[in-house]
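Convert by adding 387 to the 1-based position in the sequence shown; the result is the number in my numbering. Every residue gets a Cβ at the ideal spot worked out from N, C-alpha and C, and that includes glycine. It should be emphasised that the depicted structure is a prediction, and the values quoted were computed from it without experimental measurement. Below is one structure; the comments refer to it alone.
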Amino acid sequence: MKVLKTIEELQNVRKSITSTVGFVPTMGALHDGHISLIKQARNENDIVIVSIFVNPTQFLPTEDLDAYPRKDEADKRICEMCKVDYVFMPEISTMYTSEEVLIKAPNKSYILEGRTRPGHFDGVLQVVLKLFGLTQPTNAYFGKKDAQQLSLITQMVRNLFLPINIIPCEIIREADGLAMSSRNVYLDEVQRKDSLLICKSLYTAASLIGKNELNSNVLKQRMNDVMSTLDVEYIAIVDRDFNEIENIELKNSIILVVARFGNTRLLDNIWV
Ligand code: AMP
Numbered sequence: 388m389k390v391l392k393t394i395e396e397l398q399n400v401r402k403s404i405t406s407t408v409g410f411v412p413t414m415g416a417l418h419d420g421h422i423s424l425i426k427q428a429r430n431e432n433d434i435v436i437v438s439i440f441v442n443p444t445q446f447l448p449t450e451d452l453d454a455y456p457r458k459d460e461a462d463k464r465i466c467e468m469c470k471v472d473y474v475f476m477p478e479i480s481t482m483y484t485s486e487e488v489l490i491k492a493p494n495k496s497y498i499l500e501g502r503t504r505p506g507h508f509d510g511v512l513q514v515v516l517k518l519f520g521l522t523q524p525t526n527a528y529f530g531k532k533d534a535q536q537l538s539l540i541t542q543m544v545r546n547l548f549l550p551i552n553i554i555p556c557e558i559i560r561e562a563d564g565l566a567m568s569s570r571n572v573y574l575d576e577v578q579r580k581d582s583l584l585i586c587k588s589l590y591t592a593a594s595l596i597g598k599n600e601l602n603s604n605v606l607k608q609r610m611n612d613v614m615s616t617l618d619v620e621y622i623a624i625v626d627r628d629f630n631e632i633e634n635i636e637l638k639n640s641i642i643l644v645v646a647r648f649g650n651t652r653l654l655d656n657i658w659v
């Protein structure tokens, strides 16, 4: 495995590759969620590139950019164990010049996640587009956990005619159901226990849907009941294009939850 730091190194490597490239963009502090994406990329491509870059443009000034967990050495070891070919770990000054072409995410980026984090998706699309330009992947792997991000990236690739397959990957959870996240380390013992109500509310909704309860308001109410002790930021029921829907459409719906634990926001969702 080779660790690449500069644009030139990555571009030279990319020029020499003529077979399929699987790309997994991450912000590091790798956990089993990231590893599942990397393993899928490994299975489906000749060459695997992982990027580890805590992208400043997707953080709001009030957010946890400086505190975001960084584990470069452990991350490199994990990538090596997963038989990654290249890890791209650039400095901020490598990725950004002072004169930037800004990407403007569409209006849908200002609902749900984008409502609390205005501008977040502009930053996400900007860095992903730069990374796509550098790695020119055949297949790029994204977790369904960040469902709105996945949807906006899929649209960007479609609208800009980029020849890249976006591969959605299943959410990986802790044994007790909590969706894995680099931010879970911020939770104290009580918050960690309480956080389980998030996935419990999603399982409650899934079980009601199994009994043919498809009304969004009823499902949201029952989820709220399960999470009555939490600081719930939103529960949303949307179709795969992120339009809010009154009734579940089977195979086309996503139920999303965000709850706050102090300064930590936890996201989770199920695709039904
Ligand atoms: P991040 O490092 O948080 O930017 O995440 C990098 C990629 O890993 C994104 O595509 C995430 O959606 C994905 N990811 C993060 N957590 C999980 C998880 N628990 N299961 C599956 N994918 C995940």
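Once you ignore the five residues that flank THR484 on each side, which residues in its own chain have a CB closer than 6 Å to its CB?
If we look at THR484 and ignore the five residues flanking it on each side, it has no Cβ neighbours.
Local Cβ density within 10 Å of ALA492, reported as buried at 16 or more and exposed below that
Buried: at least 16 other Cβ atoms inside 10 Å.
Alpha carbon of LEU338 to alpha carbon of ALA416, nearest angstrom:
Nothing about residue 338 can be reported from this structure: the residues present for the chain run from 388 to 659 only.
Length of the line joining the Cα atoms of GLU620 and ASN650:
GLU620 and ASN650 have their C-alpha atoms roughly 12 Å apart.
Between the Cα of THR616 and the Cα atoms of GLU600, GLN578 and SER569, which residue gives the shortest distance?
Ranked by how close their Cα comes to the Cα of THR616, the residues GLU600, GLN578 and SER569 have GLN578 in first place.
Starting from the N-terminal side, write out each stretch of the alpha helix (DSSP H) that is 4 residues or longer and does not extend beyond the stretch 551-621.
Entirely contained in the stretch 551-621, the alpha helix (DSSP H) runs reaching 4 residues are, in chain order, 576-581, 583-597 and 603-613.
Any heavy atom of the ligand MG inside 6 Å of the beta-carbon of ILE559?
With respect to the ligand MG, the structure shown offers nothing to examine, as its ligands consist of the ligand AMP.
For TYR455 and VAL441, which I take to be in contact (beta-carbon distance under 8 Å), what is that distance rounded to the nearest angstrom?
The Cβ separation is near 5 Å, so the contact holds.
Beta-carbon separation of GLU467 and MET388 under 7 Å?
Yes; because the gap between Cβ atoms is below 7 Å, this pair is in contact.
How would you call PRO412, buried or exposed, if buried means at least 16 neighbouring beta carbons within 10 angstroms?
With 16 or more Cβ atoms within 10 Å of its Cβ, PRO412 is classed as buried.
8 Å Cβ shell around ARG429 - same chain, five flanking residues per side excluded
Result list for ARG429: GLY409, VAL435, CYS469, LYS470 and VAL471, in chain order.
Sorted by chain position, which residues of the same chain lie with C-beta nearer than 8 Å to ASP618's C-beta, five sequence neighbours on each side aside?
Closer than 8 Å at Cβ, skipping near neighbours: ALA646, ARG647 and PHE648.
Could you name each continuous beta strand (DSSP E) segment of 3 residues or more that falls completely within the stretch 395-435, going from the start of the chain to the end?
The DSSP assignment places 408-413 as complete runs of the beta strand (DSSP E) inside the stretch 395-435, in order along the chain (cut-off: 3 residues).
Scan the stretch 492-563 and note each continuous beta strand (DSSP E) run of 3 residues or more that stays entirely inside, going in chain order.
Those beta strand (DSSP E) runs which fall completely within the stretch 492-563 and span 3+ residues are 526-530 and 552-556.
Alpha carbon of VAL400 to alpha carbon of LEU391, nearest angstrom
Their Cα atoms are separated by approximately 9 Å.
To the nearest whole angstrom, what separates the beta carbons of ILE635 and ALA593, a pair I think is in contact under 8 Å?
Contact check for ILE635 and ALA593: beta-carbon distance about 10 Å, past the 8 Å limit, so the pair fails to qualify.
Going by DSSP, what residues sit across from GLU631 in a beta bridge?
Per DSSP, the beta bridge partners of GLU631 are VAL625.
Relative to the alpha-carbon of ALA461, which residue among SER568, THR525, ILE394 and ILE439 has its alpha-carbon at the smallest distance?
Measuring C-alpha to C-alpha distances from ALA461 to each of SER568, THR525, ILE394 and ILE439 identifies ILE439 as the nearest.
Can you determine whether any heavy atom of the ligand AMP sits closer than 6 Å to the C-beta of PHE508, and answer yes or no?
For the ligand AMP, not one heavy atom lies less than 6 Å from the Cβ of PHE508.
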